[in-house]
Amino acid sequence: MSDIDSVLKEARVFPPPPEFQKKAHIKSLDEYRALYKRSVEDPEGFWAEQAATLEWTRKWDRALEWNAPFAKWFVNGALNLSANCLDRHVAGPRPDKTAIIWEGEPGEVRRLTYAELLREVCRFANVLKGLGVKKGDRVGIYMPMIPEAAAAMLACTRIGATHNVVFGGFSAEAVRDRMNDSEAKLIVTADGGYRRGAVVPLKANVDAALAACPTVKHVVVVKRTGQDVPMQAGRDVWWHEQMEKASAECAPEPLDSEHPLFILYTSGTTGKPKGVVHSTGGYLLQVALTTKYVFDLKDEDVYWCTADIGWVTGHSYVVYGPLCNGGTTLMYEGAPNHPGPDRFWSIVERHKATIFYTAPTAIRAFLRWGDQWPKKHDLTSLRLLGTVGEPINPEAWMWYRRVIGGDRCPIVDTWWQTETGAIMITPLPGAIPTKPGSGTLPFFGVVPEVVDKDGQPVGPEAGGYLVIQKPWPSMLRTIYGDPERYVEQYWKRFPGIYFTGDGARKDKDGYFWIMGRVDDVINVAGHRLGTMEIESALVSHPKVAEAAVVGRPDELKGSALVCFVTPRSGTTADEALRTELKGHVVKEIGALARPDDIRFTEALPKTRSGKIMRRLLRDIAAGKATVGDTTTLEDYSVLAKLREEEE
Ligand code: 7RM
Numbered sequence: 262m263s264d265i266d267s268v269l270k271e272a273r274v275f276p277p278p279p280e281f282q283k284k285a286h287i288k289s290l291d292e293y294r295a296l297y298k299r300s301v302e303d304p305e306g307f308w309a310e311q312a313a314t315l316e317w318t319r320k321w322d323r324a325l326e327w328n329a330p331f332a333k334w335f336v337n338g339a340l341n342l343s344a345n346c347l348d349r350h351v352a353g354p355r356p357d358k359t360a361i362i363w364e365g366e367p368g369e370v371r372r373l374t375y376a377e378l379l380r381e382v383c384r385f386a387n388v389l390k391g392l393g394v395k396k397g398d399r400v401g402i403y404m405p406m407i408p409e410a411a412a413a414m415l416a417c418t419r420i421g422a423t424h425n426v427v428f429g430g431f432s433a434e435a436v437r438d439r440m441n442d443s444e445a446k447l448i449v450t451a452d453g454g455y456r457r458g459a460v461v462p463l464k465a466n467v468d469a470a471l472a473a474c475p476t477v478k479h480v481v482v483v484k485r486t487g488q489d490v491p492m493q494a495g496r497d498v499w500w501h502e503q504m505e506k507a508s509a510e511c512a513p514e515p516l517d518s519e520h521p522l523f524i525l526y527t528s529g530t531t532g533k534p535k536g537v538v539h540s541t542g543g544y545l546l547q548v549a550l551t552t553k554y555v556f557d558l559k560d561e562d563v564y565w566c567t568a569d570i571g572w573v574t575g576h577s578y579v580v581y582g583p584l585c586n587g588g589t590t591l592m593y594e595g596a597p598n599h600p601g602p603d604r605f606w607s608i609v610e611r612h613k614a615t616i617f618y619t620a621p622t623a624i625r626a627f628l629r630w631g632d633q634w635p636k637k638h639d640l641t642s643l644r645l646l647g648t649v650g651e652p653i654n655p656e657a658w659m660w661y662r663r664v665i666g667g668d669r670c671p672i673v674d675t676w677w678q679t680e681t682g683a684i685m686i687t688p689l690p691g692a693i694p695t696k697p698g699s700g701t702l703p704f705f706g707v708v709p710e711v712v713d714k715d716g717q718p719v720g721p722e723a724g725g726y727l728v729i730q731k732p733w734p735s736m737l738r739t740i741y742g743d744p745e746r747y748v749e750q751y752w753k754r755f756p757g758i759y760f761t762g763d764g765a766r767k768d769k770d771g772y773f774w775i776m777g778r779v780d781d782v783i784n785v786a787g788h789r790l791g792t793m794e795i796e797s798a799l800v801s802h803p804k805v806a807e808a809a810v811v812g813r814p815d816e817l818k819g820s821a822l823v824c825f826v827t828p829r830s831g832t833t834a835d836e837a838l839r840t841e842l843k844g845h846v847v848k849e850i851g852a853l854a855r856p857d858d859i860r861f862t863e864a865l866p867k868t869r870s871g872k873i874m875r876r877l878l879r880d881i882a883a884g885k886a887t888v889g890d891t892t893t894l895e896d897y898s899v900l901a902k903l904r905e906e907e908e
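Residue numbering for the sequence shown follows the numbering used here, beginning at 262 and increasing consecutively.
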């Protein structure tokens, strides 16, 4: 019961294209290795040097103070995040450069220059102050993907309010719980937002939530859709009316490097959501540095990360990373298939996006919808692709490379977590050869390892637990209001080192292959199998679009393998396909992984950010009622359908 057996075989290697390499920030594997070596021989020295890329109002005394598991980075340093993201670009060479290109779902386009965004942020910072928000207060943000959302986040950072963004797709109950747990004083929302042609009733949800949120005193409402919303006198105010009256000048508040920048709730696999707390200096430094090197960001790039600001990816790689680097970040409000399945590709073509960063779940959906949609558009502006959120199946990776990247763009498969704040394991596109399905090598200053249950390194090619052995600047600082849970969750299993909760394998080249959450590992006749590897084998079959594999308790084998499979459109899901798929998995992996049961389904249950919820499928496979937290489930009808099919 010690390790995890890794069975995935993948031998393809893609070196960085020479033309890309020549112009890249990091140009070769040797250059990466030299810098990496330096960064881990003396991480504090390395990060101290890099910290000079930020603008500090007070120089720090020490790079790191480490009382495991509590870290302070850039001790006694002071800075302001919004000043780093805005003022220095406006005062420098980029006042008129486009900071944000925004496209609404109905089709409007807005562009904000750095100077315009700074004015907007200052105004809103003054609005917040006028409504009684002070340094250290928590502010909720429950908004659609509109520029005002980014401005609201930046305005909080300007005055030292800690923001708590709640994904606009969450319910009133989720808003209520998150506002109460963080004791928010004010919430920023909109009348509504557009999603797949419909209007999401954000303000109505806030009204329902606030029936039981005693700490929230004010609601600021952006007029987005223009639908009728009741405004409660004394509590609710309109964004545009407040902004008109507010001054466009607001000096950035110097904040301690450890000042809490934001709280973001993650549901985890069980029970109550955890409020992950991030601080200012270390977070911004690692986010800025990874954005520059992982995305090879240059001044002329049009950078598009499709994540919603409700997720950590939206915080780090839609807003803070690109803006801190003076980049142009693209924001899109709506669904990828509205009005048609080619919406993303029309956006790439219209705005000539050069960098595109999305999730495997989206890539598998594009693959399922068919090549004709991307083929309708000129995607030659793209020079780099990225993925994040789940392990990507090698076949989906190959499709992404060929159909979206025109066999020309490197792919960066970036592994990180809400808790890590910034990218941790990733290719650098001009330096590190990629292998489909691998996050490749650690970023500078990051020291990951794959260990057995006693915390000992397992050695090459063996599966085990992914841990991070040294503190890093953008690490979470605590769980809001629950430091014991912080210690318990991340630092107890392997004392003094960070446990990610993921399984992984390191290959002979030192490349990391993430096998997904260890809770998802299945014990079949003494073999501990990562579900992702069996799923990859299934998805490599031409008739399969997506698959999720779970274990069902089995007296003989420990667990039986139950595979939920979504066939590609136009495929007949029948007994013959079942037999074919079982044979295919045996051929790809071996007889130990022969599926016991294959169930066809139109869709898999997923979290709102697109991760497959195997926990729910386990219950269905075992015939149990669903337990635990389902507030992150994307589509309840999927669960209902899966249960019906069983009966
Ligand atoms: C950024 C984000 C974190 C979990 C993580 C993994 C999985 C994320 C990858 C990945 C394989 C990747 N934050 N994960 N990226 N697995 N390859 N490139 O997703 O907190 O929402 O999730 O997501 O299991 O622990 S998160």
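C-beta: ideal position from N, C-alpha, C; glycine also.
Check: Residue closest to residue 819, alpha-carbon to alpha-carbon, out of 883, 400, 699 and 770; Outcome: 883
Check: Candidates 273, 682, 633 and 824, of which the one nearest residue 601 by Cα; Outcome: 633
Check: Environment of residue 395 [buried if 16+ CB atoms lie within 10 Å]; Outcome: exposed
Check: Beta carbon nearer than 7 Å to a non-hydrogen atom of the ligand 7RM; Outcome: 527, 572, 573, 574, 648, 649, 650, 651, 652, 653, 674, 675, 676, 677, 678, 679, 680, 700, 761, 762, 763, 775, 777, 778, 870 and 872
Check: Rounded C-alpha distance that separates residue 831 from residue 716; Outcome: 48 Å
Check: DSSP three-state assignment for residue 351, whether helix, strand or coil; Outcome: helix
Check: Contact between the region 395 to 404 and the region 622 to 633 (3+ Cβ pairs under 8 Å); Outcome: no
Check: CB of residue 435 within 8 Å of CB of residue 427, strictly; Outcome: yes
Check: Residue 580 versus residue 565 - alpha carbon distance; Outcome: 11 Å
Check: Test item: CB-CB of residue 594 and residue 330 under 8 Å; Outcome: no
Check: Beta-carbon contacts of residue 314 that lie in its chain and below 8 Å, excluding the five residues immediately before and after; Outcome: 546, 549 and 550
Check: Continuous beta strand (DSSP E) assignments of at least 3 residues falling wholly in the region 720 to 782; Outcome: 724 to 729, 759 to 767 and 773 to 778
Check: Length of the line joining the Cα atoms of residue 704 and residue 698; Outcome: 17 Å
Check: Residue 538 vs residue 737 beta-carbon contact at 8 Å; Outcome: yes
Check: Cβ-Cβ distance between residue 647 and residue 665 below 8 Å; Outcome: no
Check: When 587, 342 and 541 are compared against residue 361, the one with the closest alpha-carbon; Outcome: 587
Check: Inter-residue Cα distance where the pair is residue 559 and residue 817; Outcome: 57 Å
Check: With 16 other Cβ atoms within 10 Å as the buried cut-off, status of residue 442; Outcome: buried
Check: Rounded separation between residue 352 and residue 414 - CA only; Outcome: 21 Å
Check: Cβ pair residue 350, residue 554 closer than 8 Å; Outcome: no
Check: Beta-carbon proximity check, residue 380 vs residue 509, cutoff 8 Å; Outcome: yes
Check: For residue 791, the three-state DSSP class (helix, strand or coil); Outcome: coil
Check: Residues bridged to residue 784 [DSSP beta-bridge criterion]; Outcome: 789
Check: Where the beta strand (DSSP E) through residue 300 begins and ends; Outcome: That residue, residue 300, is in no beta strand (DSSP E); its alpha helix (DSSP H) goes 290 to 302.
Check: Helix, strand or coil at residue 384 [DSSP, three-state]; Outcome: helix
Check: The region 450 to 461 touching the region 482 to 498, judged by at least three CB pairs closer than 8 Å; Outcome: yes
Check: Minimum length 3: unbroken beta strand (DSSP E) runs contained in the region 847 to 873; Outcome: 858 to 861
Check: Residue burial classification, residue 676 (beta-carbon count within 10 angstroms, cutoff 16); Outcome: buried
Check: Beta-carbon contacts of residue 251 that lie in its chain and below 7 Å, excluding the five residues immediately before and after; Outcome: The structure shown does not extend to residue 251, since the chain is modelled only from 262 to 908, so the question has no answer here.
Check: Residue environment, residue 372, which counts as buried when at least 16 other CB atoms sit within 10 Å; Outcome: exposed
Check: Status (buried if at least 16 other CB within 10 Å, exposed otherwise) for residue 432; Outcome: exposed
Check: Residue 846 to residue 793 span [Cα, whole Å]; Outcome: 12 Å
Check: Of the listed residues 412, 640 and 860, nearest to residue 603 (C-alpha basis); Outcome: 640
Check: Whole-Å CB distance - residue 476 paired with residue 506, under 8 Å assumed; Outcome: The pair is not a contact, with the Cβ atoms about 26 Å apart (cut-off 8 Å).
Check: Same chain only: Cβ atoms within 7 Å of residue 926, ignoring 5 sequence neighbours per side; Outcome: The requested residue 926 is not part of the displayed model; the chain covers only 262 to 908.
Check: Minimum C-alpha distance to residue 869 - residue among 735, 616, 305 and 569; Outcome: 569
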